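Engineer: Chains as they are written, first to last, in the numbering used here: chain A, 25 to 366; chain B, 25 to 366.
Here it is, the structure in full.
Number of protein chains: 2
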Amino acid sequence: MKASIKDIARVAGVSHSTVSRALSDSPVVNPETRARIKRLAREMGYSPDAGARGLVMGRTLTIGVVVTTISDPFIAEVVQGVESTAFKNGYTVILASSGAEPEREVAAVEMLRSKRVDGVIVTASRVGALYKEHLTRIEVPVVLLNNHGESGGPYTFSVRVDDRHGGYLATRHLVERGHRRIAYVSVGEAGHSSDRERQAGYCQALTEAGLPCDPALVFAGNGRWDGGERVLPLLCAPPEPPTAVFCFNDMTAVGLLRSARAAGLSVPEDLAVVGFDDIPIASYVVPSLTTIAQPKFELGEKAMQMVWILIEAQRETATPQVHDTILQGRLVVRESSVGRSE
Amino acid sequence: MKASIKDIARVAGVSHSTVSRALSDSPVVNPETRARIKRLAREMGYSPDAGARGLVMGRTLTIGVVVTTISDPFIAEVVQGVESTAFKNGYTVILASSGAEPEREVAAVEMLRSKRVDGVIVTASRVGALYKEHLTRIEVPVVLLNNHGESGGPYTFSVRVDDRHGGYLATRHLVERGHRRIAYVSVGEAGHSSDRERQAGYCQALTEAGLPCDPALVFAGNGRWDGGERVLPLLCAPPEPPTAVFCFNDMTAVGLLRSARAAGLSVPEDLAVVGFDDIPIASYVVPSLTTIAQPKFELGEKAMQMVWILIEAQRETATPQVHDTILQGRLVVRESSVGRSE
DNA sequence: TTGTAAGCGTTATCAA
DNA sequence: TTGATAACGCTTACAA
Chain A
25 MKASIKDIAR
35 VAGVSHSTVS
45 RALSDSPVVN
55 PETRARIKRL
65 AREMGYSPDA
75 GARGLVMGRT
85 LTIGVVVTTI
95 SDPFIAEVVQ
105 GVESTAFKNG
115 YTVILASSGA
125 EPEREVAAVE
135 MLRSKRVDGV
145 IVTASRVGAL
155 YKEHLTRIEV
165 PVVLLNNHGE
175 SGGPYTFSVR
185 VDDRHGGYLA
195 TRHLVERGHR
205 RIAYVSVGEA
215 GHSSDRERQA
225 GYCQALTEAG
235 LPCDPALVFA
245 GNGRWDGGER
255 VLPLLCAPPE
265 PPTAVFCFND
275 MTAVGLLRSA
285 RAAGLSVPED
295 LAVVGFDDIP
305 IASYVVPSLT
315 TIAQPKFELG
325 EKAMQMVWIL
335 IEAQRETATP
345 QVHDTILQGR
355 LVVRESSVGR
365 SE
Chain B
25 MKASIKDIAR
35 VAGVSHSTVS
45 RALSDSPVVN
55 PETRARIKRL
65 AREMGYSPDA
75 GARGLVMGRT
85 LTIGVVVTTI
95 SDPFIAEVVQ
105 GVESTAFKNG
115 YTVILASSGA
125 EPEREVAAVE
135 MLRSKRVDGV
145 IVTASRVGAL
155 YKEHLTRIEV
165 PVVLLNNHGE
175 SGGPYTFSVR
185 VDDRHGGYLA
195 TRHLVERGHR
205 RIAYVSVGEA
215 GHSSDRERQA
225 GYCQALTEAG
235 LPCDPALVFA
245 GNGRWDGGER
255 VLPLLCAPPE
265 PPTAVFCFND
275 MTAVGLLRSA
285 RAAGLSVPED
295 LAVVGFDDIP
305 IASYVVPSLT
315 TIAQPKFELG
325 EKAMQMVWIL
335 IEAQRETATP
345 QVHDTILQGR
355 LVVRESSVGR
365 SE
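Shown next as structure tokens:
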């Protein structure tokens, strides 16, 4: 069976507290006995019980990560960044996916609370009101990722990408390519803050170029590829249709590319397209998609570093030296805005 | 601060064991006190300590999932299936990514052992020798996913897709489309069992059609897109080049498509292409990719159900009524083997 | 129907 | 340098 600290103590002929000290390299224990105990521990296949340790230590070295679904490639990469950084710091990641259902979100948070995680990272999703209440009740540091909700308690902060600047970069790129009529395909959901910000950046670039922010050039997608697909006919309807379009995200842009192809439009000659996110698909579609790359892994990395700092601060009941972090996206120019020949 | 069972007991004027019983719906406790205690628990924001419970119960209701990287979309979907099924059964998922580095693999398993997970699911990776030893030492049920390693201990089983049949389906499809010279692009790694099996299915379909299994038609890729890209010139070299090709996986096929396009070959007219996996990209490339779809979510689901059965069996020290499970892939016909016009 | 007491595997305090 | 002993929060005989 599983060897405990007491089993080792019995075999070694010492008390279990000596074993505990030896294994945690306490300086007071005799070097020889320490060595003997360590050898014994290895031989007996000893593995410390994290649960028992957590009970007495008041920390579990575990953090919870709440996602809508891990099968979203964007989220997956972020989680990879979290997990990898957590591992380096001796932390373990518990995964909780909510499926975007309020019920499951609450259950997930409750579960994490029971597991006594030392901190929580919440990716995406619009942290519902109900959900948020539970989130604060958990009484551990919370880091919101790409979420524009106001920071809640004293140990709640956020890490996100600069949506406004990203929108600006994407649009300025199109302006620089000579486009004058540039459309925006939104996520079509009121109060979606990333959407609002990206659109604001779009407007800023237009204004800066002396172009009007024409509401007639803003179309409603849904953030998924079918939304982009459906928007094309509307885009082409006006007597003087836009020559370029900036989409809320890559999936929307990919749908748009597909329907443009079906309609016999050539991209980028007839219509230049820029997306946002840089999901893996972006570089494989034809034409490959110009986009704003989010530093996904780094987002996860930063979020984990931040909870770590918050956890340490909380332990010492100190005011954490932390502030909301904003990372910059990067323009990745591909074929959909420039063409193969150029 | 965090309310414990004792805090509730104090307020309710009963002993902490009564509270414990009430909260776990023990039939012996007085209905009125039960109700009172439950209300109190809610008011005081009580959350049971999973660690403490695990300590006395000998089970943590937690399973560990070992992946190479969660940012692989294939793995992500599998993990989604695992997590979702786990959640339904009251289980929690601890994620451990190994990055395919032996060191980290071992550390990951050791960490899961410390957390006293009730079971482990290992996806992909060729379970190294060293790694495997640690895996058996963990003394809990292990389910190997898409891994052809022999089952280890009495509580180790596997869930996988039928690689051979998948290879057969893919190749038969090409035969039925009238192709006589059909190539295979392998993963180019000796002893890769999925590769071996898919190739065996390929041969079987050829033989069945009265065609030879010509080793000259087998080319070495590397399982990634650049491998597929590099293989094209070799493919075209012979005086009578193949008219169709079955690739070990989608990434290889996508690379092949890309270089075919660059070389001015039209797919499927000049060269029909079939992949394996059905990753998200497969339906977005141009032409879209015919492939063998692996039931990813279901693989995860089955794996979780299986560990669950094994855990129950182990608790009752019974011989588990379980056997290695093989799921069937499904041929998904798209443009790369049939063409848009047909 | 309830309370007392033991114990799960640790760490930590205090004496020796 | 080491050993008793208490404590963490919980479940579960055993007694009352």
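Note that the Cβ used here is the ideal one computed from N, Cα and C, for glycine as well.
Note that this is a predicted model, so its numbers are computed, not measured.
1. Taking CB distances under 8 Å as the criterion, tell me whether E253/A reaches chain B.
2. For L47/B, which of A317/B, R140/B, V35/B, I29/B has the nearest alpha-carbon?
3. Could you name the residues of chain B that K156/A contacts, counting a contact when the two beta carbons are closer than 9 Å?
4. Does any residue of chain B have a CB that is nearer than 8 Å to the CB of R63/A?
5. For E322/A, return the contacting residues in chain B, with the cut-off set at a CB-CB distance below 8 Å.
6. In chain B, what lies closer than 7 Å to Y308/A by C-beta?
7. Going by the CB atoms, is the gap between S210/A and A244/A shorter than 8 Å?
8. Quick check on A74/A - is its C-beta less than 8 Å from some C-beta in chain B?
9. Would you please verify whether the beta carbon of Q104/A is less than 8 Å from any beta carbon of chain B?
10. Of the residues A110/B, A120/B, V106/B, which one's Cα is nearest the Cα of V110/A?
11. Could you please tell me which residues of the segment 115 to 132 of chain B, in chain order, have their CB closer than 7 Å to any CB of chain A?
12. Please compile the residues from chain A whose C-beta is within a distance smaller than 8 Å of the C-beta of R358/B.
13. Quick one: give me the first and last residue of the alpha helix (DSSP H) that G279/B is part of.
14. Is the beta carbon of D142/B sitting closer than 8 Å to the one on T180/B?
15. Give a yes or no on whether the C-beta atoms belonging to F270/A and Y208/A are separated by under 8 Å.
16. Starting from the Cα of H189/B, find the closest Cα among D219/B, P178/B, R254/B and give me that residue.
17. Nearest CA to the CA of E359/A: which residue from A296/A, W332/A, G353/A?
18. Starting from Y192/B, trace the beta strand (DSSP E) in both directions and tell me its first and last residue.
19. Counting contacts by CB-CB distance shorter than 8 Å, is M135/B in contact with chain A?
20. Does G78/B have its Cβ less than 8 Å from a Cβ in chain A?
21. Starting from D301/B, trace the beta strand (DSSP E) both ways and give me its first and last residue.
22. Can you tell me where the beta strand (DSSP E) holding T92/B begins and where it ends?
23. Could you tell me the alpha carbon to alpha carbon distance between A277/A and V242/B, rounded to whole angstroms?
24. Are the segment 87 to 95 of chain A and the segment 307 to 316 of chain A touching by the rule of at least three beta carbon pairs closer than 8 Å?
25. What in chain B is Cβ-close to E101/A, meaning under 7 Å?
26. Determine whether the Cβ of S283/B lies closer than 8 Å to any Cβ atom of chain A.
27. Identify every run of the beta strand (DSSP E) within the segment 39 to 93 of chain B, keeping only runs that are complete inside it and at least 3 residues long; order them along the chain.
28. Quick check on the burial criterion: 16 or more other C-beta atoms within 10 angstroms. Buried or exposed for N273/B?
29. Would L323/B and V185/B qualify as a contact pair, given that the criterion is a beta-carbon distance under 8 Å?
30. Looking at the secondary structure, which residues open and close the alpha helix (DSSP H) in which R222/A lies?
31. Determine, for K112/A, whether the minimum Cβ-Cβ distance to residues of chain B falls below 8 Å.
32. Name, going along the chain, the residues of the segment 42 to 69 of chain B whose beta-carbon falls closer than 7 Å to a beta-carbon of chain A.
33. Does chain A have any CB closer than 8 Å to the CB of R161/B?
34. Below 8 Å on the Cβ atoms is my guess for L256/B versus A287/B; work out the distance and round it to an integer in Å.
35. If we ignore side chains and look at the alpha-carbon of each, how far apart do S361/A and R248/A end up?
36. Closer than 8 Å is the cut-off here; do at least three beta carbon pairs connect the segment 125 to 139 of chain A with the segment 129 to 142 of chain B?
Structural biologist: On the basis of the coordinates in this document:
1. No, its Cβ sits nowhere closer than 8 Å to a Cβ of chain B.
2. The residue with the shortest Cα to Cα distance from L47/B is I29/B.
3. Against K156/A, chain B offers no close residue; the least beta-carbon distance is about 15 Å (beta-carbon pairs closer than 9 Å).
4. False, the Cβ-Cβ gap to chain B never drops below 8 Å.
5. Result: empty, since nearest Cβ-Cβ is about 13 Å, beyond 8 Å.
6. Within chain B, the residues placing a beta-carbon under 7 Å from that of Y308/A are V278, I305, Y308, V309, ordered along the chain.
7. Yes, they are a contact pair.
8. Yes, A74/A lies at the interface with chain B (some Cβ there is under 8 Å from its Cβ).
9. Yes, Q104/A counts as interfacial toward chain B.
10. Checking the sequence shown, residue 110/A turns out to be Ala, not Val. Among A110/B, A120/B, V106/B, the Cα nearest to that of A110/A belongs to A120/B.
11. Taking 7 Å as the Cβ-Cβ cut-off against chain A, the residues of the segment 115 to 132 of chain B that qualify are T116, V117, I118, L119, S121.
12. Per Cβ cutoff of 8 Å: no residues; R358/B is ~13 Å from chain A at best.
13. Where G279/B is concerned, the enclosing alpha helix (DSSP H) stretches over 274 to 286.
14. Taking 8 Å as the Cβ cut-off, D142/B and T180/B do not qualify as a contacting pair.
15. Cβ atoms of F270/A and Y208/A: closer than 8 Å.
16. When only C-alpha atoms are compared, the closest one is D219/B.
17. Taking E359/A as reference, the option from A296/A, W332/A, G353/A with the minimal CA-CA separation is A296/A.
18. Looking at the DSSP string, Y192/B is not in any beta strand (DSSP E); the run it does join, the alpha helix (DSSP H), is 187 to 200.
19. Interface criterion met: the Cβ of M135/B is under 8 Å from a Cβ in chain A.
20. G78/B has a beta carbon lying within less than 8 Å of a beta carbon in chain A.
21. Here the beta strand (DSSP E) through D301/B covers 296 to 301.
22. Where T92/B is concerned, there is no enclosing beta strand (DSSP E), given that its DSSP letter is neither H nor E.
23. One C-alpha to the other measures close to 38 Å.
24. No: fewer than three Cβ pairs fall under 8 Å.
25. In chain order: S95.
26. Cβ-Cβ to chain A under 8 Å: no for S283/B.
27. Fully enclosed beta strand (DSSP E) runs of 3 or longer: 86 to 91.
28. Buried: at least 16 other Cβ atoms inside 10 Å.
29. In contact: L323/B and V185/B (Cβ atoms closer than 8 Å).
30. Judged by DSSP secondary structure, R222/A falls within the alpha helix (DSSP H) whose first and last residues are 217 to 232.
31. For K112/A, the answer is no, since every Cβ of chain B falls outside 8 Å of its Cβ.
32. So the close ones are G69.
33. Chain A contact via Cβ: present.
34. Between A287/B and L256/B the Cβ distance is about 6 Å, and since that is below 8 Å, they are a contact.
35. Answer to the nearest angstrom: the Cα atoms are 20 Å apart.
36. Not touching, per the Cβ criterion.
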